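Asker: Let me begin by handing over the structure; questions about it come next.
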Amino acid sequence: MTRAALITRVLKPILYITALLPLGWMLYALFAGLVMGDEVKFMQHVTGDTILTSLLLTLAVTPLRRLTGWNELIRVRRLIGLTAFWYACLHLSTYLVFDQSLDVGEILADIRKHPWVLVGFAGFLCLVPLAITSTNGWVRRLGGKRWARLHRLVYLAAIAGVLHYWWLVKKDLTFPILYGVGLLLLLLPRVWWAVERRTRARKVPAGRPVEAGPA
Amino acid sequence: MLIRRPPDIPVSEITDESVYWNRRRFLQAAGLAAAGIGGLVPRAAATTGRDDEKLTPYEDITGYNNFYEFGTGKDDPARNAGRLRTRPWKIEVDGEVKRPASYDLDDFLKPFTPVERVYRLRCVEGWSMVIPWLGIPLKDILDRLEPTSRARFVEFTTLHDPQQMPGQRSQILQWPYVEGLRLDEARHPLTLIATGLYGKPLPNQNGAPLRLIVPWKYGFKGGKSIVKIRLTEHQPATTWNIAAPNEYGFYANVNPEVDHPRWSQARERRIGEFFKRKTLMFNGYADQVGSLYSGMDLRTNF
Chain L
415 MTRAALITRV LKPILYITAL LPLGWMLYAL FAGLVMGDEV KFMQHVTGDT
465 ILTSLLLTLA VTPLRRLTGW NELIRVRRLI GLTAFWYACL HLSTYLVFDQ
515 SLDVGEILAD IRKHPWVLVG FAGFLCLVPL AITSTNGWVR RLGGKRWARL
565 HRLVYLAAIA GVLHYWWLVK KDLTFPILYG VGLLLLLLPR VWWAVERRTR
615 ARKVPAGRPV EAGPA
Chain V
1307 MLIRRPPDIP VSEITDESVY WNRRRFLQAA GLAAAGIGGL VPRAAATTGR
1357 DDEKLTPYED ITGYNNFYEF GTGKDDPARN AGRLRTRPWK IEVDGEVKRP
1407 ASYDLDDFLK PFTPVERVYR LRCVEGWSMV IPWLGIPLKD ILDRLEPTSR
1457 ARFVEFTTLH DPQQMPGQRS QILQWPYVEG LRLDEARHPL TLIATGLYGK
1507 PLPNQNGAPL RLIVPWKYGF KGGKSIVKIR LTEHQPATTW NIAAPNEYGF
1557 YANVNPEVDH PRWSQARERR IGEFFKRKTL MFNGYADQVG SLYSGMDLRT
1607 NF
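Chains as they are written, first to last, in my numbering: chain L, 415 to 629; chain V, 1307 to 1608.
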């Protein structure tokens, strides 16, 4: 089997199923009565962890490609990104419905008063255009370069997600720190690459075009 | 995560909710509901127009806990509290009392008869339960300890023993956990030293062998596994207040109008319900305790 086939025929189906596991587990735990205490918070934790994990995984795709030369890994990035988006929809819905009973006034007041709610919302809003333009048609319509520039919003979304978690925790920052360190490790090489690109561009003005994009 | 474990007491041995309510009604009818029991849910429900307050199931009360001495996860206490040995247990009484002394727990409790109290418990995090406690009014205990005329506050110290309390190996809070009350709050008839719940001895994860319950304050005011009661002239430094003075005040009265800096306190999720309900002033005990704070600015004294 070629590497491309391995990725599309083996890795991708595995990721599809993996993406459904948190949802399946959550529903099973809820309906089987396994959840202790606050069931809504349980849903928010399962979906929240899935969002952050998926976002970090999408950001890991490019470094992995560079490291291994497995460029075909790009074929699973949309799937992972959309996983983050769908779980973000669930996450937001539990907040809007169960925490706020869809009371618009309360929701606006909550966003205005509490930075972690605002940041969470902002993170979600970053993901919306990315999900909409995730199709091949949109890549064509926007053109690769513009599409790639738009999809840099994923950096903001991931930073917002980690901050959102960080600010809501009462005292034990272990998990926000883990996500934060993971995100930092994935963002730092990109900063390095950007600096490298710029210095190279300055040295060799007519150098070979460098691939842009949400690297 | 928050996964249900088999309770250490068979469900069959736990007083059923309906039996519980019947017993309560019987007690009230028998005139045993003495002064101060106005804080019990039936009466409070009548004053607030809410009769939808069911007891929280035993499994939730004993499986969803904040007790950082055993870990910061809500299910950590139920998992880790088995290491705590609650006998023999010493209670040290010192400070502004006539006879400072160290008591064996059973001797300390012998003079008192536990009473049953059904109280709401409102966590500062925004969730709540309805819990049938078994305990001794703190007032009765204090009367026996005979505070001196200088005593103005009571300080409660939790056991500090990382061997038995593995959460204390991390410096997430300053150990030992210390909580405190003004003397008039401590002497209020609603304030309880709990020794049990649902008619059973207090499970370790709920603060065995004895813990403080102040139903009109956020749950963290209720120090657990108490080893020391100290009467003081000055306001004690309390653990969460030391950890984050802008977020957790000394008073920590339940107040829907004073938000936590990072989240609203206007509503709460009753465990077992999906939608939130309105939080009541002083957790619904305003008629009983409001006068303790007359003339005080509850925004600055949060």
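C-beta atoms are modelled at their ideal positions from N, C-alpha and C, and glycine is treated no differently.
If you're wondering where the values come from, they're calculated on a predicted model, not measured in any experiment.
1) Does L/T588 come within less than 9 Å of chain B when only Cβ atoms are used?
2) Would you mind telling me which residues of chain V sit closer than 7 Å to L/F512, beta carbon to beta carbon, in chain order?
3) What three-state label does DSSP hand V/G1529 in the structure shown?
4) Counting along the chain, where does the alpha helix (DSSP H) carrying L/V542 start and finish?
5) Would you mind telling me which residues of chain V sit closer than 9 Å to L/V576, beta carbon to beta carbon, in chain order?
6) Which of the residues in the region 527 to 538 of chain L, read from start to end, lie with their CB under 9 Å from any CB of chain V?
7) Just to confirm, is the Cβ distance from L/T472 to L/G495 under 9 Å?
8) With a cut-off of 9 Å, does the C-beta of L/G519 fall near any C-beta of chain V?
9) If we ignore side chains and look at the alpha-carbon of each, how far apart do L/A562 and L/T476 end up?
10) DSSP puts V/W1439 in a beta bridge; with which residues?
11) Excluding sequence positions up to five away, which residues of its chain have a Cβ less than 7 Å from the Cβ of V/P1406?
12) Kindly list the residues whose CB is nearer than 7 Å to the CB of V/V1436, restricted to its own chain and excluding five residues on each side of it in sequence; keep chain order.
13) Any beta carbon of chain V sitting closer than 9 Å to that of L/M450?
14) In terms of alpha-carbon separation, which member of L/A502, L/L481, L/A536 and L/L564 lies closest to L/V460?
15) Is there a Cβ of chain L sitting closer than 9 Å to that of V/G1369, yes or no?
16) Quick check: the Cα distance between V/D1603 and V/N1386, rounded to an integer number of angstroms?
17) Which residues bound the alpha helix (DSSP H) around L/V595?
18) Examine chain L for any beta-carbon lying closer than 9 Å to the beta-carbon of V/T1378, and answer yes or no.
19) Who are the neighbours of L/W580 on chain V, taking C-beta pairs under 7 Å?
20) When you compare each of L/M415, L/G575 and L/I546 to L/L506 by their alpha carbons, which one comes out closest?
21) From the DSSP secondary-structure annotation, give me the bridge partner or partners of V/K1416.
22) Tell me, please, whether the CB atom of L/K617 is closer than 9 Å to any CB atom in chain V?
23) Quick one: what's got a C-beta closer than 7 Å to V/R1583's C-beta in the same chain, skipping five residues either side?
24) Does any residue of chain L bring its CB to less than 9 Å from the CB of V/I1548?
25) Count the other CB atoms, across all protein chains shown, that sit within 10 Å of the CB of L/I421; report buried if there are 16 or more and exposed otherwise.
26) Quick check on L/V454 - is its C-beta less than 9 Å from some C-beta in chain V?
27) What residues in the region 1378 to 1397 of chain V bring their beta carbon closer than 9 Å to a beta carbon of chain L?
28) I need the DSSP call for V/L1444, collapsed to helix, strand or coil.
29) So, is the C-beta of L/K559 closer than 9 Å to a C-beta in chain V?
30) Around the Cβ of L/A615, are there at least 16 other Cβ atoms within 10 angstroms (buried) or fewer (exposed)?
Answerer: Here's the rundown:
1) Of the protein chains in this structure, namely L and V, none is chain B.
2) Position 98 of the first sequence, counted from the start, is the residue given in the question as residue 512 of chain L. Within 7 Å Cβ-Cβ: F1580 and F1581.
3) In the second sequence, counting from the first residue as 1, residue 1529 of chain V sits at position 223. Residue state, collapsed to three classes: coil.
4) By one-based count along the first sequence, residue 542 of chain L stands at place 128. That run of the alpha helix (DSSP H) goes P529 to I546.
5) As a first step, residue 576 of chain L is located in the first sequence; it is residue number 162 there, counting from the start. By Cβ distance, chain V contributes nothing, its closest Cβ being about 16 Å from L/V576, past 9 Å.
6) K527, H528, P529, W530 and V531
7) Locating residue 472 of chain L in the first sequence gives position 58, counting from the first residue. Locating residue 495 of chain L in the first sequence gives position 81, counting from the first residue. The answer is yes: Cβ separation under 9 Å.
8) For the purposes of this step, residue 519 of chain L is identified with residue 105 of the first sequence, where counting begins at 1. For L/G519, the answer is no, since every Cβ of chain V falls outside 9 Å of its Cβ.
9) By one-based count along the first sequence, residue 562 of chain L stands at place 148. By one-based count along the first sequence, residue 476 of chain L stands at place 62. Computed Cα separation, rounded: 13 Å.
10) Along the second sequence, read from residue 1 onward, the residue named residue 1439 of chain V stands at position 133. BP columns for V/W1439 point to V/R1423 and V/L1503.
11) Locating residue 1406 of chain V in the second sequence gives position 100, where the first residue counts as 1. Non-local C-beta neighbours of V/P1406 in its own chain, meaning closer than 7 Å and more than five positions away in sequence, comprise V1399 and D1400, ordered along the chain.
12) In the second sequence, the residue the question calls residue 1436 of chain V occupies position 130. The residues are V1347, E1359, K1360, L1361, T1362, V1424 and R1426.
13) Counting from one through the first sequence, the residue named residue 450 of chain L turns up at place 36. So yes, L/M450 belongs to the interface.
14) Stepping through the first sequence from its first residue, residue 460 of chain L is reached at position 46. Selected option, being the one with the closest Cα: L/A502.
15) Walking along the second sequence from the start, residue 1369 of chain V turns up at place 63. Output row for V/G1369: interface = yes.
16) Translated into the one-based positions of the second sequence, residue 1603 of chain V becomes position 297. Translated into the one-based positions of the second sequence, residue 1386 of chain V becomes position 80. Going by the C-alpha atoms only, they are around 40 Å apart.
17) Along the first sequence, one-based indexing puts residue 595 of chain L at 181. Start and end: T588 to K617.
18) Taking the first residue of the second sequence as 1, we reach residue 1378 of chain V at position 72. Yes, V/T1378 counts as interfacial toward chain L.
19) Numbered from its first residue, the first sequence carries residue 580 of chain L at position 166. Result: empty, since nearest Cβ-Cβ is about 11 Å, beyond 7 Å.
20) In the first sequence, the residue the question calls residue 506 of chain L occupies position 92. Nearest C-alpha to L/L506: L/G575.
21) The count along the second sequence starts at 1 and reaches residue 1416 of chain V at position 110. V/K1416 pairs with nothing; no bridge assigned.
22) As a first step, residue 617 of chain L must be located in the first sequence, where it is residue number 203. By this cut-off, L/K617 is not an interface position.
23) Against the second sequence, residue 1583 of chain V aligns to sequence position 277. Same-chain partners within the cutoff: R1573, E1574 and R1576.
24) For the purposes of this step, residue 1548 of chain V is taken as residue 242 along the second sequence, with counting starting at 1. No, no contact with chain L.
25) Indexing the first sequence from 1 puts residue 421 of chain L at position 7. When all chains shown are included, L/I421 counts as buried.
26) Position 40 of the first sequence, counted from the first residue, corresponds to residue 454 of chain L. With respect to chain V, the C-beta atom of L/V454 has a partner C-beta closer than 9 Å.
27) T1378, G1379, K1380, D1381 and A1384
28) Looking up residue 1444 of chain V in the second sequence gives position 138. If DSSP states are grouped into helix, strand and coil, V/L1444 belongs with the helices.
29) As a position in the first sequence, residue 559 of chain L is number 145, starting the count at 1. No - not a single Cβ of chain V is within 9 Å of the one on L/K559.
30) If you number the first sequence from 1, residue 615 of chain L lands on position 201. Exposed, by the Cβ-count rule.
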